[in-house]
Every structure is written in structure tokens, then in C-alpha cells.
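Only one structure is covered here, and it is reproduced in the block below.
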Amino acid sequence: MALAKRIVPALDVKNGRVVKGINFLNLQDVGDPVDTAIAYQNSGADELVFLDISATLEGRTTMIEMIERVSSAVFIPLTAGGGVTDLASIRAIIQAGADKVFLNSAAVTNPDIIRQGAEAFGSQAIVGAIDSKWNDNLKKHQVYVSGGTKATNLETISWAKKMVQYGAGELLVTSMNTDGTQNGYDIALYQALTQAVNVPIIASGGAGKKSDFKTVFKSGHADAALAASVFHYGKIAISDLKESLYREGLVMRL
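According to my numbering, the sequence shown is numbered sequentially starting from 470.
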């Protein structure tokens with residue numbers, strides 16, 4: 470039996486507030502993280518992703534107190550990250566109430582942190598997060614770190630394979646080219662990923678209308694779809710979205 474497709478709102482948090490930008494820039498205040506999380510749970514969200522977007526740039530760990538507040542307010546699964554540097558910070562996030570921890574910049578610097586986290590808490594608790602941008606000159610998908618501010622020499626698909634080899638049980642892949650544009654998900658990117666790895670893929674970046682979710686799910690290249698802007702600003706109601714996708718023949722938790 471097919472697994473239900475998941476709708477996952479993202480809470481990007483900076484200075485204790487939920488924010489959202491376009492192509493990782495021009496951040497606007499959206500609201501309080503706890504209030505936002507509760508509203509999403511009530512609207513039918515399957516999971517939440519909580520990202521302390523400035524933690525890595527500011528050289529500090531994720532706001533543990535904020536994770537505790539959010540996790541104590543909702544019962545749906547919570548994935549959290551930002552500024553994760555070692556096994557101790559993974560442990561702190563899980564002890565604060567997160568079900569899963571995503572690793573991005575730290576994994577590029579030290580891939581062994583993925584293995585350490587998977588061995589300690591299970592692969593299902595470790596999400597490999599990748600910020601990917603198509604480089605037209607190099608003709609490849611390039612991995613970025615530090616909140617999408619720094620390019621690396623890593624190619625997205627090969628890095629995804631390595632993350633899975635190290636023990637990541639799921640991948641959260643954001644297309645920086647489509648992030649915040651509301652012009653649709655980067656289907657070609659997710660197609661390349663599903664051909665390379667055999668773990669669930671969370672597609673992120675580009676949702677603008679209900680049909681964008683339908684397209685990425687019907688393509689068969691995403692197990693979950695993450696979005697922020699369309700949910701934050703009330704453009705799409707999650708309950709309506711899930712009913713619409715269900716009517717399209719997709720397996721959804723209603």
C-alpha cells in the first residue's frame with residue numbers, strides 16, 4: 470500500500486520570529502513560532518520543519534528553548550536544525566522534543582556527523598538537508614552552505630548519495646533557484662535525486678498553487694512537499710490542499 474504524501478510547512482526562525490524571503494533574501498517577519506506551529510497543526514499539516522536560519526552564520530547552536538516551546542505545543546512530528554555542529558547538539562535538539570534533526574553545513578565540513586547521529590538515534594532521526602542551486606556555467610547542481618550564502622565544490626546528486634551512505638534516512642532538498650518564487654517545484658532536480666538514492670525525498674522551494682503540489686507528487690519524485698510562503702500568507706489552506714490532492718488520486722492523511 471502506498472505511503473501517504475506529506476504536507477510540511479517550514480518555520481524559518483530568526484531572532485525568535487518566523488520569517489520568509491525570496492531566493493533566501495529579503496526576509497519578512499511572519500509571526501510567533503509557537504502560534505504558527507499550532508495553527509499549522511490545526512490546519513492539517515503532517516509535519517513541521519523548524520530552522521534557525523541564522524545559527525550557522527552566527528556561529529551558535531539552534532535555539533533549544535524555542536524547540537522546546539514548539540514541540541510542547543504540537544504533537545505532529547517536528548524536524549529541527551540550524552547550527553548543528555556535533556553529536557551533542559543533535560542530542561540536545563532531540564531531547565528538546567524534535568523527532569528528527571537535519572544536518573546541512575556541518576555535514577559538508579564533517580560528513581561523519583551523519584554516521585554518528587544515525588548510530589546514536591537511528592537513520593530515521595537524521596535528515597540530510599541540501600541547499601542546491603543550478604550553476605549554468607558548470608552545468609551542474611551545486612551545494613550551498615551557511616544558509617545558502619556560500620557555494621561549495623560539491624555536486625548535489627553525488628553529495629546526496631554520500632549523505633545516504635553515511636546514514637541519512639531522509640533528504641530535505643531545497644532548490645535555491647525556485648525558493649520563494651511560487652513558480653513550482655524543481656522537478657528535474659528531484660527526478661535526478663530519486664534516480665540516485667532510495668530514501669524519502671522532501672521537495673522544498675517554489676510552491677505557489679495547489680497544482681504545484683500535485684505536479685511534484687504525481688511526478689513520483691517526492692514523498693513530501695515543504696512550503697512556507699503560500700501557507701504563511703494564507704494563499705493556500707492546508708486542509709483544502711490535502712482534500713484537493715486526495716481527489717486527484719493521491720494518498721493523503723485527511
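Glycine included, C-beta positions come from ideal geometry on N, C-alpha and C.
For clarity, every value in this text was computed on a predicted model and none was experimentally measured.
Endpoints, alpha helix (DSSP H) assigned at residue i
| i | result |
| --- | --- |
| PHE700 | 698 to 701 |
| ILE507 | 502 to 512 |
| ARG475 | From DSSP, ARG475 is part of no alpha helix (DSSP H) but of the beta strand (DSSP E) over 475 to 483. |
| LYS679 | 679 to 687 |
| MET535 | 533 to 542 |
| LYS711 | 707 to 716 |
Cβ shell of residue i (< 7 Å), same chain only, five flanking positions each side left out
| i | result |
| --- | --- |
| PHE493 | Caution is warranted here: a pLDDT of 49 is assigned to PHE493, below 50, making its placement in the model unreliable, and the coordinate value is therefore given only provisionally. Correct list, in chain order: GLY616, GLY617, MET645 and ASP648. |
| ILE563 | VAL570, PHE590 and ALA594 |
| ILE476 | ALA514, ASP515, ALA694, ILE707, LEU710 and LYS711 |
| ALA471 | VAL720 |
| TYR715 | MET721 and LEU723 |
Cut-off 6 Å between Cβ atoms - residues of its own chain near residue i, not counting five sequence neighbours on either side
| i | result |
| --- | --- |
| SER708 | SER512 and GLY513 |
| TYR724 | Limits of the chain in this structure are 470 at one end and 723 at the other, which puts residue 724 out of reach. |
| VAL685 | TYR654, ALA672, ALA691 and ALA694 |
| ALA561 | ILE533 |
| ASP568 | PRO546 and LEU547 |
| THR578 | none |
Short Cβ contact (9 Å threshold) for residue i with residue j
| i | j | result |
| --- | --- | --- |
| ASP521 | GLY566 | no |
| SER713 | LYS679 | yes |
| ILE507 | ALA479 | no |
| LYS474 | VAL720 | yes |
| ILE559 | LEU517 | no |
| GLY638 | VAL668 | yes |
| VAL539 | PRO502 | yes |
| GLY485 | MET535 | yes |
| ASN604 | ALA620 | yes |
Beta-carbon proximity list for residue i, same chain, < 8 Å, skipping 5 on both sides
| i | result |
| --- | --- |
| ILE599 | ASN573, VAL612, THR625, TRP628, ALA629, MET632, LEU640, LEU641, VAL642 and THR643 |
| LEU556 | ILE582, GLN585, GLY586 and ALA589 |
| GLU537 | ALA565 and GLY566 |
Residue closest to residue i, alpha-carbon to alpha-carbon, out of the options
| i | options | result |
| --- | --- | --- |
| ALA576 | ARG486, PRO478, LEU517 and GLY597 | GLY597 |
| GLY677 | THR663, GLY638, LEU658 and HIS701 | HIS701 |
| THR650 | SER540, VAL699, GLU717 and ASP501 | VAL699 |
| SER601 | ARG716, ASP481, TYR659 and ASN667 | TYR659 |
| ASN652 | ALA561, ASN604, GLY718 and ALA696 | ALA696 |
| ARG726 | GLN510, LEU662 and ALA620 | Outside the shown range of the chain, which is 470 to 723, sits residue 726, and nothing can be said about it. |
| ASP681 | ASN606, ILE705, PHE519 and LEU623 | ILE705 |
| ALA661 | GLU717, ALA620, SER592 and LYS609 | LYS609 |
Run of the beta strand (DSSP E) containing residue i, from where it starts to where it stops
| i | result |
| --- | --- |
| LEU520 | 517 to 521 |
| LEU472 | Unbroken run through LEU472: none, as it is neither H nor E. |
| ALA549 | 547 to 550 |
Please list the segments of the alpha helix (DSSP H) lying wholly inside the region 603 to 673, counting only runs of 4 or more residues, in order along the chain.
625 to 635 and 656 to 665
Which runs of the beta strand (DSSP E) at least 3 residues long sit entirely within the region 553 to 592? Give them in chain order.
569 to 572
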